[in-house]
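Residue numbers (my numbering): -11 to 33. Backbone N, C-alpha and C define an ideal beta-carbon position, used for all residues, glycine too. Small disclaimer: the values here were computed from a predicted structure and weren't measured. Have a look at the structure below before the remarks.
Here it is as structure tokens:
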């Protein structure tokens, strides 16, 4: 796919959903980073 920049996390979520790889009652940590020291994260369940 190449460098998808800010769309990387939503694309990864979509691919995991299509492959039924998300498990019930599990928590997932999503992290992203950008130019400089920009960092963001969230936990989804």
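Note down, in chain order, each residue of its chain lying with its Cβ closer than 6 Å to the Cβ of residue i, except the 5 sequence neighbours on either side.
i          : result
residue 17 : 31
Taking the DSSP output, what are the residues bridged to residue i?
i          : result
residue 31 : 17
Got a sec? Which residues, its chain only, sit under 8 Å from residue i by beta carbon, not counting five neighbours each side?
i          : result
residue 33 : 13, 14, 15, 16
residue -4 : 20
Leaving out five residues before and five after residue i in sequence, what residues of the same chain have Cβ atoms less than 7 Å from its Cβ?
i          : result
residue 21 : 27
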